[in-house]
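Down below is the structure, laid out as structure tokens.
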Amino acid sequence: MGLKIYNSLSRQLEEFSPLTEGHVSMYSCGPTVYDYIHIGNARTALVTDIIRRYLTYKGYTVKLVQNLTDIDDKIIARAQTLGTSSSQLAHTNGEAYFEDTQRLGIQLADVHPKATEHIPEMIDLIQTLIDKGAAYVVDGSVYYRVNSFNEYGKLSRRKPEDLLAGARVEVDERKEDPRDFDMWKAAKPGEPYWDSPWGPGRPGWHIECSSMAMKHLGETIDIHAGGEDLLFPHHENEIAQSELATGKPFARYWVHVAFLKIDGTRMGKSEQNFIFLRDALDKYPAEVIRHFLISAHYRHPLDYSLESLQKSESALRRLKNCLETLKKYEEETPEVTDGNSSTLRDVSDADTTLLSAIETMQSQFTAAMDNDFNTAQGMGTIFTLVSQINRALGSSNGISDQTFAHAYKVLSETCQVLGIYTMDEQDTAGTAEFLNPLLELLLEIRQDARSQKDWDTSDKIRDRLKQLNIEIQDTHEGSTWKFVS
RNA sequence: GGUGGCGUAGCCAAGUGGUAAGGCACGAGUCUGCAAAACUCCUAUUCGUCGGUUCGAUUCCGACCGCCACCUCCA
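At position 282 of the first sequence (counting the first as 1) the number is 281 in numbering that gives the first Met the number 0, and the numbers step up by one without a gap.
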């Protein structure tokens with residue numbers, strides 16, 4: 000309850016209520032698969048993922064559909080330079096897309112429709128629009144007649160005059176109106192094509208999303224998300240096509256994600272200043288990249304830099320240390336409750352204080368996320384609790400194990416909504432199991448040396464392991480080791 | 001030219017008509033044989049500039065300066 004979403008259509012924060020109670024239908028514009036995706040693309044995919052996770056956390060049943068544009072001019076052009084087929088290129092990059100996003104911890108959508116698998120639906124939709132007088136055929140191509148939809152421009156707030164004024168657009172003489180856009184493109188020689196009532200060709204970009212969204216989610220969907228660059232013309236055209244065809248609202252909440260910038264300007268494929276997500280993932284753990292990408296509100300631009308990633312890495316380490324310390328209580332608590340009943344009662348003042356801090360965090364986190372998915376603010380509430388827990392952990396003034404176990408449960412669940420605490424662990428687990436006995440032995444030898452104040456041997460072991468990226472830490476309870484990168 | 005947005009400490013970044021969340025870095029401590037790690041504490045009389053409205057503005061209005069984006073394929 001209480002979720003507010005900024006709707007680009009009304010340009011206001013609106014109370015969210017789905018069309019069907021308890022269920023949310025969501026469509027997110029996916030990639031055009033002519034290349035790997037870059038971090039900027041990942042930002043939109045990640046925001047979509049987090050919106051979905053949060054809605055699920057709030058108890059909604061979410062159906063998320065994200066398309067793959069697997070036929071388009073760029074794919075054709077790229078395939079030609081690479082000497083491969085469009086379909087092969089699209090397939091390869093489509094697979095790469097799933098691989099990359101999953102590495103980032105983005106969960107698969109419920110449906111990932113591909114444009115090339117929905118040609119009949121698109122033809123139907125185009126035909127409907129022709130029948131309604133909203134489209135016309137020229138030389139085997141079909142254009143949408145913008146003039147036939149009098150609400151055209153309602154999303155981007157652009158008046159016809161404005162659109163024509165700047166007019167850097169090449170005017171296609173065959174169009175009735177420069178604003179008209181193609182829904183079906185007649186195939187040129189050598190291009191891939193599908194048969195249609197208007198001749199061989201391929202669908203335009205906008206019609207893909209209209210028909211795939213409606214096929215999988217119905218004529219009116221709750222949330223439609225995408226990058227802010229898609230607001231015009233892509234989303235405007237989707238509305239024009241869909242609403243004229245059905246006479247119903249196409250999407251109820253339009254969510255637009257701001258750009259990721261690099262050196263102050265937009266990261267974009269045409270700008271040639273992008274960084275592939277997979278390259279970033281090779282250098283930084285997924286949580287770090289996630290943390291960075293949601294460290295600002297999704298409607299504000301965010302500047303990519305190595306420095307920012309390093310900050311995220313440090314911040315996350317603080318979170319993780321806290322969580323890992325807490326986790327021990329969670330593992331031990333069941334045993335404790337088995338035999339000893341003493342820890343079950345006697346809630347001390349310190350317990351109460353921490354317990355209420357946990358509750359405060361929960362309600363503040365929810366409030367932050369309810370406020371148009373304010374992840375930056377939500378993160379703040381998490382870190383506030385981390386400080387409180389750390390202090391409690393250090394003070395050892397009679398806080399029960401159960402309280403800490405509870406803290407672990409709540410904190411980790413909250414982090415999972417943002418996806419910043421769940422991943423990895425397993426990749427090093429296998430080797431750790433093998434190395435464990437060996438390291439134990441080394442630590443034992445080192446401990447013997449230390450008790451005899453043989454610092455040379457002790458330090459030698461520590462230094463040499465350090466060279467192998469294994470770090471030793473001496474604590475009051477003995478020495479521990481871990482991998483460092 | 002049209003449209004939208006942004007400017008908060010060294011850096012990143014929330015936020016509100018009533019006196020500035022959080023993170024990183026820095027500094028000071030705790031711990032330690034030393035270290036590392038970890039933890040604690042400290043860090044903006046001030047929110048681009050200048051005006052206006054108000055008892056009171058960083059928050060509302062206006063002007064100006066600077067930056068970004070969309071209007072063309074791009075998440």
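Glycine included, every Cβ here is placed at the ideal spot set by N, Cα and C. What you are looking at is a predicted structure, and each value in this text was computed from that prediction instead of being measured.
Between the alpha carbons of ALA185 and ILE206 lies a gap of roughly 15 Å. Rounded to the nearest whole angstrom, the C-alpha separation of ASP130 and GLN240 is 13 Å. Within the region 305–385, the runs of alpha helix (DSSP H) that reach at least 4 residues and sit entirely inside it are, in chain order, 305–338, 348–369.
When DSSP states are grouped into helix, strand and coil, ASN6 belongs to the strand group. Between the region 254–261 and the region 65–76, the count of Cβ pairs shorter than 8 Å is below three; the stretches do not touch. In terms of Cβ geometry, GLY29 and THR68 form a close pair [threshold 8 Å].
Distance from the CA of LEU441 to the CA of GLN472, rounded to the nearest whole angstrom, comes to 13 Å. Proximity of the region 78–97 to the region 28–48 meets the contact definition, three or more beta-carbon pairs being nearer than 8 Å.
Closest by C-alpha distance to VAL46, out of LYS268, GLY58, THR31, THR100, is THR100. The C-alpha of GLN446 is placed about 9 Å away from the C-alpha of GLY477. For VAL110 against HIS215, the beta-carbon gap comes to about 5 Å, under 8 Å, which counts as contact. If you check the CB distance, ILE398 and ALA349 come in under 8 Å. When the five nearest sequence neighbours on each side are left out, the beta carbons in the same chain lying within less than 7 Å of the beta carbon of GLU218 are those of THR245, LYS247, in order along the chain.
Looking at the DSSP output, ILE469 shares a beta bridge with PHE482. For ASN6, the number of other beta carbons within 10 angstroms of its own is at least 16, and it is reported as buried.
Remark: fewer than three beta-carbon pairs, one from each stretch, lie closer than 8 Å, so the region 262–276 and the region 82–89 are not flagged as touching. Note that the region 12–25 does not touch the region 280–295; fewer than 3 beta-carbon pairs, one per stretch, sit closer than 8 Å. Secondary structure of ARG298 (DSSP, three-state): coil. Within 10 angstroms of the beta-carbon of VAL483 lie fewer than 16 other beta-carbons, which makes it exposed.
With a cut-off of 8 Å on Cβ pairs, the region 121–129 is in contact with the region 195–203, counting three or more such pairs. Contact between TYR53 and HIS22 is ruled out by a C-beta separation of about 15 Å, above the 8 Å threshold.
ILE105 places its beta carbon 8 Å or farther from that of ALA89. Taking C-beta atoms under 8 Å as the contact rule, ASP179 and VAL136 fail to qualify, at a distance of about 12 Å. In this structure, ILE4 sits near TYR252, with a CB-CB distance shorter than 8 Å. The beta carbons of ILE293 and LEU417 sit closer together than 8 Å. Taking 8 Å as the cut-off, the beta carbon of THR43 is found closer than this to the beta carbon of GLY225. Rounded to whole angstroms, the Cβ separation of ALA356 and GLN309 is 29 Å, and the two are not in contact under 8 Å. Per DSSP, the continuous alpha helix (DSSP H) segment holding TRP204 begins and ends at 204–216.
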